[in-house]
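Okay, so here's the structure we're looking at.
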Amino acid sequence: MKNKLKEALDQHLDDLDWHGESKVWSRIRGEQFGKHRLRYRSLIIALAILMVLSISAFAAHMLHYSSRQNARIQAHTALNVKYGMTEELISLFDETITFNHTLWEVDYELPAYGDKVGVYRVAGMNGMVEASWSYDGEEYDPSGDLSSAIWGVPQLERMRLLYKTRSVAIAQWDALSGYAALSIEQKAAIDAPLLELPYSVDYIHIMPVDEDIQPDLAEMLAKQEILHRFSLDESTLEGYVCDISFVLANGERQYRLVFQANGIPQYSVCLLSPGGQILECSQFDFQGQESAGEDEEELEDRALSIEERAAYHERMRQNGGDVRQWNSVLPDSGDICELEATGIAQAAFLERFGVTEDKLSVMEKEIYCQIDYELFDIPTRVWSIRYVDNMDDYQVTLRAVDGTIEYISNQGGILGVG
Amino acid sequence: MTVTEREAWLSRVMTEYRTCLMRMSYLYLGDVALAEDAVQETFIKAFYHLDTFRGESDEKTWLMRIAINTCISINRKNWMRLLRHTVSLDSVGNACITDPYKDDTVINAVCNLPNKLKQVVLLYYYQEMSVAEIADALGIPVPTAQSRLTRGRDKLRVVLKEWYFDEE
Chain A
175 MKNKLKEALD
185 QHLDDLDWHG
195 ESKVWSRIRG
205 EQFGKHRLRY
215 RSLIIALAIL
225 MVLSISAFAA
235 HMLHYSSRQN
245 ARIQAHTALN
255 VKYGMTEELI
265 SLFDETITFN
275 HTLWEVDYEL
285 PAYGDKVGVY
295 RVAGMNGMVE
305 ASWSYDGEEY
315 DPSGDLSSAI
325 WGVPQLERMR
335 LLYKTRSVAI
345 AQWDALSGYA
355 ALSIEQKAAI
365 DAPLLELPYS
375 VDYIHIMPVD
385 EDIQPDLAEM
395 LAKQEILHRF
405 SLDESTLEGY
415 VCDISFVLAN
425 GERQYRLVFQ
435 ANGIPQYSVC
445 LLSPGGQILE
455 CSQFDFQGQE
465 SAGEDEEELE
475 DRALSIEERA
485 AYHERMRQNG
495 GDVRQWNSVL
505 PDSGDICELE
515 ATGIAQAAFL
525 ERFGVTEDKL
535 SVMEKEIYCQ
545 IDYELFDIPT
555 RVWSIRYVDN
565 MDDYQVTLRA
575 VDGTIEYISN
585 QGGILGVG
Chain B
145 MTVTEREAWL
155 SRVMTEYRTC
165 LMRMSYLYLG
175 DVALAEDAVQ
185 ETFIKAFYHL
195 DTFRGESDEK
205 TWLMRIAINT
215 CISINRKNWM
225 RLLRHTVSLD
235 SVGNACITDP
245 YKDDTVINAV
255 CNLPNKLKQV
265 VLLYYYQEMS
275 VAEIADALGI
285 PVPTAQSRLT
295 RGRDKLRVVL
305 KEWYFDEE
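If you read the protein sequences in the order shown, they are chains A and B. Going by our numbering, the residue at position 232 of the first sequence is 406; the numbering climbs one at a time, nothing skipped. Going by our numbering, the residue at position 87 of the second sequence is 231; the numbering climbs one at a time, nothing skipped.
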């Protein structure tokens, strides 16, 4: 019977119910901030003057920010005033915003180093803004020493500088000869500053020591594995060029090898040192050109015009595709146009991050008109504009109907690059 | 709608739908605390967006849509934390926590379905919604909802051989 499944589930869940009414009323009526899992000691920041200045500044400006984005701006200001956090540091954090008309809260977390960085929270209600940190009152080394158990802003600045130094070096090599082709020694030299970190968010290039498998042997082991795994003749790999890296990843010392033919990656192998165990051996699949694998679909998508992409995504939706994935549409007749959206985006990036039109003009630009299911509870048509290069990734989301800035950030990849 | 009317509406729907939303969220997220947060967020969002509810679908379908979107967001946030190696697999909560003294075969079978199939299966069997209502709640075409229901049902049949659920 159809209900047999329901009966079984209900029987299992018969003691499960929800009793959160009081929390709902508290949030809605703004009676109190409520109980929170993390420990806070808070100081009330007198932002009345800042609020007045901010409101007058916004009123005088052509840009219209949504209430949610205004809350984010106030939160960034509060973090800057109380803790000295710059926009660059704030952009490293994951931001979670809870917003209603009387109370908003923004949490800032850095999962990669969560135990050291803690959580910052900014809350606003009825014009008052309060910033706090889960480590308020705790000691940390003001010099920025990364061995400190708790990381305050000095440590964050030091970490950011280390990653940025690496990112700049990689970008410079990419512009010259290509980072991937660098030797083990060169990559280890670029990553050496990151060894100051207690642990890395992804992996660090290092030099092999006497106890490690040496690069020549690693390459031989990798070739053997490829020939065996894919049942190939020895002659198959003649003439292949091997890009080899030696890294520290999750506490493991690994060789990562990519074998290329005519500049095109064909096989990759990852093996452990000093044991030589094969962790991964795979073949690059370029048959996706015809079968439209996921990466190829994305590349094609970016190359389309607004109209072409809208038609393409409509076809995919008609064929049963997920509306959240295939969400590009044409702007409505009353919406702002692509040119106007671009102008608002550029003005917003200048105001928030000081980035000029000249700088943006040399970055890769992406622009989409799409239905947004993330920022809004009700699907809403937006313009999403992005300017990206090796260092920065400026993103803005505008409501298509009136150009209100719903979200703006610089997601520039500092952590995990390389 | 006045504030008083809106609050009266909220009070009624919290009483009427809290159990089904809580159980639905728990089956989707596999974690009691996350499910409580999801239900709380669902009612708050519904309160502030009540004006946008134009009665094109029924009230329960509308609330289910908000709840599912909220669960998807919570799930996505948890998986992003997992990808950054700060949350162990055990704490993400794919496995439903069960009473060791209850037979958890059925609940585990449902919880272990892929998310897209689990959504449809739960809405059809647990919330007793029609395929059309499910399609509306999830924002997908009706054929897609039907296809996912069929696939989810087929997967459950393999695991729950001894169960008999005769389809209408």
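Just so you know, even glycine gets a beta-carbon here, dropped at the ideal spot from N, CA and C. No experiment lies behind these values; they were computed from the predicted model shown.
Whether residue i touches residue j by CB criterion (8 angstroms)
| i | j | result |
| --- | --- | --- |
| I579(A) | Y239(A) | yes |
| A182(B) | L171(B) | no |
| E269(A) | Y282(A) | yes |
| L300(B) | T249(B) | no |
| I364(A) | M381(A) | no |
| E531(A) | Q544(A) | no |
| A392(A) | L445(A) | yes |
| E272(B) | K178(A) | no |
| L336(A) | P285(A) | no |
| E540(A) | D563(A) | no |
| W192(A) | L267(B) | no |
| V570(A) | D509(A) | no |
| D506(A) | R555(A) | yes |
| S502(A) | Y542(A) | yes |
| D551(A) | I210(B) | yes |
| V497(A) | R491(A) | yes |
is_contact[residue i, chain B] using C-beta, thresh 8 angstroms
| i | result |
| --- | --- |
| H210(A) | Any reading at H210(A) is ruled out, since the residue's pLDDT is 35, under 50, leaving its predicted position unreliable. |
| K290(A) | no |
| I480(A) | no |
| R201(A) | yes |
| D576(A) | no |
| V296(A) | no |
| L179(A) | yes |
| I219(A) | Any reading at I219(A) must be qualified, since the residue scores a pLDDT of 41, below 50, and its modelled position is unreliable; no value is offered. |
Bridge partner(s) assigned by DSSP for residue i
| i | result |
| --- | --- |
| F187(B) | Paired residue(s): none; F187(B) is not in a bridge. |
| Q428(A) | V421(A) and L446(A) |
| K539(A) | Y561(A) |
| E159(A) | A question about residue 159(A) goes unanswered here, because the residues of chain A that appear run from 175 up to 592. |
| L572(A) | W557(A) and I579(A) |
| T282(A) | Note on residue identity: the sequence assigns Tyr, not Thr, to residue 282(A). Looking at the DSSP assignment, Y282(A) forms a beta bridge with E269(A) and Y294(A). |
| F433(A) | C416(A) and Y441(A) |
| I452(A) | L445(A) |
| N493(A) | Its beta-bridge partners do not exist; DSSP assigns none. |
| L277(A) | M299(A) |
| S502(A) | Q544(A) |
| D567(A) | V562(A) |
Per-residue contacts from residue i into chain A (C-beta, under 9 angstroms)
| i | result |
| --- | --- |
| M158(B) | W192, G194, E195 and V198 |
| S291(B) | G494 |
Contact list for residue i against chain B, beta-carbon separation under 9 angstroms
| i | result |
| --- | --- |
| L183(A) | R167, L171, V250, I251, V254, L266, Y269 and Y270 |
Chain A residues whose Cβ lies nearer than 8 angstroms to that of residue i
| i | result |
| --- | --- |
| P287(B) | G494 |
| I210(B) | D551 |
is_contact[residue i, chain A] using C-beta, thresh 8 angstroms
| i | result |
| --- | --- |
| K189(B) | yes |
| G174(B) | no |
| Q263(B) | no |
| S205(B) | Inspection of the sequence shows that residue 205(B) is occupied by Thr rather than by Ser. So, not an interface residue. |
| E180(B) | yes |
| T163(B) | yes |
| I278(B) | no |
Closer than 7 angstroms at the beta carbon, the chain B residues around residue i
| i | result |
| --- | --- |
| I552(A) | H193 and T196 |
| A497(A) | Here residue 497(A) turns out to be Val, not Ala, going by the sequence shown. Result: G283 and I284. |
Where residue i meets chain A, residues with beta-carbon distance less than 7 angstroms
| i | result |
| --- | --- |
| V183(B) | W192 and G194 |
Between the region 401 to 414 of chain A and the region 426 to 441 of chain A, are three or more C-beta pairs nearer than 8 angstroms?
yes
Quick check: the region 296 to 305 of chain A against the region 240 to 249 of chain A, are there 3 or more CB pairs under 8 angstroms?
yes
Could you tell me whether the region 196 to 216 of chain B touches the region 187 to 206 of chain A, using the rule of 3 or more Cβ pairs below 8 angstroms?
no
Touch check for the region 379 to 395 of chain A and the region 334 to 350 of chain A: three-plus C-beta pairs under 8 angstroms?
no
Taking contact to mean 3 or more Cβ pairs, one atom from each stretch, closer than 8 angstroms, check whether the region 283 to 296 of chain B and the region 188 to 203 of chain A are in contact.
no
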